[in-house]
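Remarks on the structure that follows.
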Amino acid sequence: MAEVNHEPLQNRIANGLAKIALAIKSRAWREGGNQWLPPLQAQTLRLLLKRVGHDTPVSLIAQDLAVTMPTVSEMLRVLMRKGMIKRVQSKDDHRVFNIELTAKGKREAARLSEWPYLLAATQDLSQAEQVSLLKATIKVIRSLQDQGEISTARMCVTCRYFRPHAHQDEVNPHHCEYVDAAFGDHLLRVDCSEHQAAPDEAQQANWSAWLKTGS
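For what it's worth, the numbering used here labels the leading residue of the sequence shown as 41, then goes sequentially.
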């Protein structure tokens, strides 16, 4: 008779997440090899695509990717040689240069941002399962951010515009002050270009309110 697996649930979840992370990394290397774009360069293109219309200095890229300034500077030089990005002088401060995608870079970033294999892996989940997975993912990201493993996470739950459970509506209980609209957990974002971090005290209050109401 086979023994019952008594491995703690947390360990099994962590092992599952590690397998998913390995699959993503492996796919990134395969695609990067085909398009001569290592994972860090691909991440940069995806970041810049998200930030079209927003100032993106080198320091922000380094912070978002959790790498040093020398590392990101060298990587950006490579992307410029490949014709993927360009330096644009800031309109507000001529001493500052922002990084923007070229037309070629936008096409490549759009291709890299499609995540077809991940979409295929989640398409068979029910709507309720997808929402539950999104909420669980947000909680894991927040914990990793608190541990210093993720430097930047532009999530609704940490944003100054987020008002959890501001409406008596089971489907759309939250409110975004940026667009002045109600929305539900199924529309929570994990990387919003309009995100502005709330003060620590407000973040904690919003987080607690979101958790206490069954999220």
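Backbone N, C-alpha and C define an ideal beta-carbon position, used for all residues, glycine too.
Just so we're clear, the structure is a prediction, and the values are computed from it rather than from any experiment.
Subject >> Secondary structure of P79, DSSP reduced to three states >> reply: helix
Subject >> Beta-carbon proximity of V136 to P97, cut-off 7 Å >> reply: yes
**OP:** Let me know the secondary structure DSSP gives K126 once reduced to three states.
**Re:** strand
Original post:
From which residue to which residue does the alpha helix (DSSP H) around A221 run?
Top reply: Note, A221: premise wrong, no alpha helix (DSSP H); beta strand (DSSP E) at A221 to F223.
**OP:** Note the first and the last residue of the continuous beta strand (DSSP E) segment covering L141.
**Re:** F137 to L141
Subject >> Sufficient close CB pairs (3 or more, under 8 Å) joining the segment 160-171 to the segment 193-202 >> reply: no
Original post:
What separation, rounded to the nearest whole angstrom, lies between the Cα atoms of K100 and D231?
Top reply: It is worth fixing the name first, because residue 100 is Leu in this sequence and not Lys. One C-alpha to the other measures close to 14 Å.
Subject >> Nearest residue (CA-CA) to G223, options V211, S233 and E234 >> reply: The identity of residue 223 in the sequence shown is Phe, whereas the question assumes Gly. Per the Cα distances, V211.
Subject >> Which of helix, strand or coil DSSP assigns to P97 >> reply: strand
Original post:
For T108, is the classification buried or exposed, using 16 other Cβ atoms within 10 angstroms of its Cβ as the cut-off for buried?
Top reply: exposed
Subject >> Simplified DSSP assignment, three categories, for H226 >> reply: helix
Original post:
For V118, which residues of its own chain have a beta-carbon under 8 Å away from its beta-carbon, when the five flanking residues on both sides are left out?
Top reply: Q81
Subject >> Assigned secondary structure, R91 (DSSP; H/G/I helix, E/B strand, else coil) >> reply: coil
**OP:** Write down the C-beta distance between L159 and M124 rounded to the nearest angstrom, noting that I regard them as a contact closer than 8 Å.
**Re:** Going by Cβ atoms, the distance from L159 to M124 rounds to 24 Å, so no, they are not a contact pair.
**OP:** Tell me whether the beta-carbon of A249 lies closer than 7 Å to the beta-carbon of P204.
**Re:** yes
Subject >> Which of helix, strand or coil DSSP assigns to A237 >> reply: strand
Original post:
Terminal residues of the continuous alpha helix (DSSP H) containing Q185?
Top reply: Q167 to D186
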